[in-house]
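Chains as they are written, first to last, in the working numbering: chain V, 529 to 861; chain Y, 529 to 861.
Quick reminder that beta carbons are idealized off the backbone N, C-alpha and C, glycines included.
Nothing here was measured: the structure is a model prediction, and the numbers come from that model.
Here the structure comes first, spelled out in structure tokens, and everything after it is commentary.
There are 2 protein chains.
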Amino acid sequence: MAERVRLIDVAREAGTSVSTVSRALNGSDLISPEVVAHVRAVAGQLGYRADKRAQEFKLGRPLTVGVTVPDLTNPFFSEVLKGLNASARAGGYRLLIGESSEDPAEELRLVDELVDYSGALVLCSSRLTRAGLEKALAQPVPVVCINRTVKNAGVVAIDYRAASRLLLEHLTGLGHRRVLYVGGPATSWSDGERRRTLRRTARALDVTLDEIDGGWSGNHGYDAGPTVLHSRATAVITFNDLVGIGLLSWMYDNGVEVPSELSVASYDDIPIAAYSRPPLTSLRNERAKLGELAWEQLTKRLGGADWPAPDLLTPELVVRASTGPARRRARIR
Amino acid sequence: MAERVRLIDVAREAGTSVSTVSRALNGSDLISPEVVAHVRAVAGQLGYRADKRAQEFKLGRPLTVGVTVPDLTNPFFSEVLKGLNASARAGGYRLLIGESSEDPAEELRLVDELVDYSGALVLCSSRLTRAGLEKALAQPVPVVCINRTVKNAGVVAIDYRAASRLLLEHLTGLGHRRVLYVGGPATSWSDGERRRTLRRTARALDVTLDEIDGGWSGNHGYDAGPTVLHSRATAVITFNDLVGIGLLSWMYDNGVEVPSELSVASYDDIPIAAYSRPPLTSLRNERAKLGELAWEQLTKRLGGADWPAPDLLTPELVVRASTGPARRRARIR
DNA sequence: TCCTTGCGTGCAAACGATTGCAACCGATCG
DNA sequence: CGATCGGTTGCAATCGTTTGCACGCAAGGA
Chain V
529 MAERVRLIDV AREAGTSVST VSRALNGSDL ISPEVVAHVR AVAGQLGYRA DKRAQEFKLG
589 RPLTVGVTVP DLTNPFFSEV LKGLNASARA GGYRLLIGES SEDPAEELRL VDELVDYSGA
649 LVLCSSRLTR AGLEKALAQP VPVVCINRTV KNAGVVAIDY RAASRLLLEH LTGLGHRRVL
709 YVGGPATSWS DGERRRTLRR TARALDVTLD EIDGGWSGNH GYDAGPTVLH SRATAVITFN
769 DLVGIGLLSW MYDNGVEVPS ELSVASYDDI PIAAYSRPPL TSLRNERAKL GELAWEQLTK
829 RLGGADWPAP DLLTPELVVR ASTGPARRRA RIR
Chain Y
529 MAERVRLIDV AREAGTSVST VSRALNGSDL ISPEVVAHVR AVAGQLGYRA DKRAQEFKLG
589 RPLTVGVTVP DLTNPFFSEV LKGLNASARA GGYRLLIGES SEDPAEELRL VDELVDYSGA
649 LVLCSSRLTR AGLEKALAQP VPVVCINRTV KNAGVVAIDY RAASRLLLEH LTGLGHRRVL
709 YVGGPATSWS DGERRRTLRR TARALDVTLD EIDGGWSGNH GYDAGPTVLH SRATAVITFN
769 DLVGIGLLSW MYDNGVEVPS ELSVASYDDI PIAAYSRPPL TSLRNERAKL GELAWEQLTK
829 RLGGADWPAP DLLTPELVVR ASTGPARRRA RIR
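Have a look at this one:
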């Protein structure tokens, strides 16, 4: 811990004025090379670091992007953040991260707070109500939504239509005709999309689709075990891998063989999905890319352009051992 | 997206001066209640929001805490961040998060950058070299290290001595006399601590301890499978749960029964550990609490006090099905 | 020699908020 | 009726940096 060195200290030491120092350090061209060298040397020696707060303050625009995520501990969001963070930093911006704990009210509070510090907002899998979202969009900064489509904002999302089709076609290919969807958080737009596209595709493929409510974590999946068992479905699709892994765990504890008695597949393909038992069939999506695209949209918008068209990312099905041929008849216990 | 409302706009609208508005909004006591009410009303109606950058700039100290973590996608770090974030926000600070991707050089770069914006630094499981750490501590802001002990800084860490003892006593209680440790990243201080304390405790308990190198993720554990199998150990301790789950997965793929043929235990107890197959015996630690304690140390220090004594958190062993009685003889294949 | 030209430099004004200090007001007291 | 005082309010300085503008000075042309 030492004292901060300011521009004026460098100026004094270099025997010149603050403006000269500023220009020398910022590489203005209307200044002599020798002075630049000298000032640079003095600044380096004194360990001068520009006060970014003062700098940004003067320059006007905040070089910060506020981001909200429902849950920091979910690998899906961490990886989106990873991608966004990398891109934003490369563009000279930094991230201010807020976690809403899956709570719409808290998310609204976060938006309200982040906007005070940020020049732009990214809402990742926003759990906001329609009205809340309107309010967020009314803020004096551009907003990008990841995994939620909305007007007057940037949109980057996973193509759930393609996703659901991949899943269901894989399952029908294995002979499944009755599929159960274990849902996610009620406030999740992406859960809604998954349901909508699954229904639609199921109709097209002549598959019977049942749905139950679930949640976003392992225990939600585990708790769904009994209901799943008593359903007449031969295959289950879970909201995400954590739910899927929880469900697999219940099946294991209760002696249900996967996939011979029941197939399980899921969305997201987080890394640990490859190491569940059996390894989970899941939809791989480029999460980091979601973050990168969000940043791209933002830069375009900050550059003065209109919002570009939504970016849709098509996932890829990773088939593992948790899905297999359907049994001819429903399980009987 | 609307125009920003400034203090002067409110002043004009309320027919008063900026100082009065400022005082009214900040609750100064030398101002008449009616004016306060009026100004508040006008400000609210205009949707005034103080420019935090200007505010902080004027006030001098940055209300930001910079944090580095090796890997955002590791649930351990996400939860530490969760705790730290909650405490810091309650204290009026916000978090600037940097991810080093387990790379010491990148971490150093991050520290360098974060310090420009932050009034304090928290290094979470710092992978910095000794020299790098010295450099970080020379920055003009207070620094707290989570899971790394160091002088002239705040320290919050898990009590690995107690942790290792809990693990080894559990295993010896089950009759294991030969234990293998599958290690973590070479740059990890906590891996060093785990090794050191395991060795020491093993000696005390008269257990033979072997060690191999591993890593921090599921595939590191999976890849360690063959080596583990050919070792003569009857029990394995892994660097963390991800490694443990990866190892379990290999054992499953290769027909090794856990725990009858091999016991597996681990550090951290991330949520998904309960849903591996078999569920993983692991050391639960209060990760969020690590973040909270880090904040506490920081506030004390920012308040002018010296660094308090290091906080050590004792973990709790959660026994699940991945550990069981040792076989009488080493596995033969 | 004087005036232009142009480069290099410094002065001072911003950015938006906070705050010490002085000014002002009405009321009370001598 | 004038001085004093407590309670409110506004003026202006300030935080550290950037930048428009004006100034100084040397060189070159008339």
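Compute the beta-carbon to beta-carbon distance between residue i and residue j, rounded to the nearest angstrom, for a pair I have assumed lies under 8 Å.
| i | j | result |
| --- | --- | --- |
| Y:Asp839 | Y:Leu821 | 5 Å |
| V:Cys652 | V:Val597 | 5 Å |
| V:Trp717 | V:Asn768 | Between V:Asn768 and V:Trp717 the Cβ distance is about 14 Å, and since that is not below 8 Å, they are no contact. |
| Y:Ala681 | Y:Val671 | 5 Å |
| Y:Val538 | Y:Leu574 | 6 Å |
Which chain Y residues are close to residue i, counting only those with a beta carbon under 7 Å from its beta carbon?
| i | result |
| --- | --- |
| V:Asn613 | Glu627 |
| V:Phe585 | Arg581, Ala582, Phe585 |
| V:Ile536 | In chain order: nothing, as chain Y lies at least about 16 Å away. |
| V:Ile773 | Ile800, Tyr803 |
| V:Leu757 | In chain order: nothing, as chain Y lies at least about 17 Å away. |
| V:Leu790 | The contacting residues do not exist; V:Leu790 stays about 15 Å from chain Y at best. |
At a Cβ threshold of 8 Å, is residue i touching chain V?
| i | result |
| --- | --- |
| Y:Leu694 | no |
| Y:Met529 | The predicted position of Y:Met529 is uncertain, since its pLDDT is 49 and thus under 50; a value taken from the coordinates is nonetheless stated next. Judged by the 8 Å Cβ criterion, Y:Met529 is in contact with chain V. |
| Y:Ser745 | yes |
| Y:Ile686 | no |
| Y:Pro799 | yes |
| Y:Leu574 | no |
| Y:Ala802 | yes |
| Y:Tyr780 | yes |
| Y:Val846 | no |
| Y:Leu553 | no |
Of all the options the options, which has the alpha carbon lying nearest to the alpha carbon of residue i?
| i | options | result |
| --- | --- | --- |
| Y:Arg760 | Y:Tyr750, Y:Ile740, Y:Thr715 | Y:Ile740 |
| V:Leu841 | V:Asn813, V:Glu630, V:Glu541 | V:Asn813 |
| V:Val595 | V:Leu574, V:Ala648, V:Ala552 | V:Ala648 |
| V:His748 | V:Thr736, V:Ser777, V:His758 | V:Ser777 |
| Y:Thr592 | Y:Pro598, Y:Asp734, Y:Lys580, Y:Leu600 | Y:Lys580 |
| Y:Lys663 | Y:Asn675, Y:Tyr645, Y:Glu641 | Y:Glu641 |
| Y:Val643 | Y:Cys652, Y:Pro632, Y:Pro668, Y:Ser653 | Y:Pro668 |
| Y:Ala763 | Y:Gly619, Y:Leu553, Y:Gly746, Y:Leu695 | Y:Leu695 |
| Y:Gly711 | Y:Gly626, Y:Asp751, Y:Asp631 | Y:Asp751 |
| Y:Leu702 | Y:Ser850, Y:Ala552, Y:Thr544, Y:Arg540 | Y:Ser850 |
| V:Pro843 | V:Pro632, V:Thr736, V:Asn675, V:Tyr688 | V:Tyr688 |
| V:Ile625 | V:Thr725, V:Thr601, V:Pro754 | V:Thr601 |
| Y:Thr766 | Y:Tyr576, Y:Pro561, Y:Val792 | Y:Val792 |
| V:Arg534 | V:Arg693, V:Val678, V:Arg617, V:Gly572 | V:Gly572 |
| V:Met779 | Y:Ser804, Y:Val639, Y:Thr657, Y:Arg551 | Y:Ser804 |
| V:Val771 | V:Ala666, V:Thr677, V:Ile800, V:Leu830 | V:Ile800 |
| Y:Thr657 | Y:Pro806, Y:Tyr621, Y:Ala690, Y:Pro632 | Y:Pro632 |
| V:Arg637 | V:Arg622, V:Ser654, V:Arg532, V:Tyr621 | V:Ser654 |
| Y:Ala578 | Y:Pro603, Y:Gly743, Y:Arg532, Y:Arg617 | Y:Arg532 |
Give me whichever residues DSSP pairs with residue i in a beta bridge.
| i | result |
| --- | --- |
| Y:Ala685 | Y:Leu840 |
| V:Glu627 | V:Val597 |
| V:Asp738 | V:Leu708 |
| Y:Ser759 | None; Y:Ser759 has no bridge partner. |
Are any of the Cβ atoms in chain Y nearer than 8 Å to that of residue i?
| i | result |
| --- | --- |
| V:Ile740 | no |
| V:Tyr795 | no |
| V:Thr766 | no |
| V:Ser654 | no |
| V:Arg540 | no |
| V:Thr544 | no |
| V:Ile559 | no |
| V:Pro838 | no |
| V:Asp834 | no |
| V:Ser850 | no |
| V:Arg637 | no |
| V:Lys610 | yes |
| V:Leu841 | no |
Going along chain V in order, which residues have a C-beta closer than 8 Å to the C-beta of residue i?
| i | result |
| --- | --- |
| Y:Asp751 | In chain order: nothing, as chain V lies at least about 12 Å away. |
| Y:Pro590 | Arg581 |
| Y:Ser777 | Ala802, Tyr803, Ser804, Arg805, Pro807 |
| Y:Leu490 | Look at the range of chain Y in this structure, 529 to 861, and you will see that residue 490 of chain Y is not part of it. |
What in chain V is Cβ-close to residue i, meaning under 7 Å?
| i | result |
| --- | --- |
| Y:Asp644 | Arg577, Lys580 |
| Y:Ser550 | Residues of chain V passing the Cβ test: none, with the nearest at roughly 16 Å. |
| Y:Arg568 | Within chain V, no residue comes near Y:Arg568; the closest Cβ sits about 17 Å away, beyond 7 Å. |
Run through chain Y and tell me which residues come within less than 9 Å of residue i, C-beta to C-beta.
| i | result |
| --- | --- |
| V:Glu607 | Leu600, Thr601 |
| V:Ala812 | Note that residue 812 of chain V is Arg in the sequence shown here, rather than Ala. Here the premise fails: no neighbours, minimum Cβ distance about 15 Å. |
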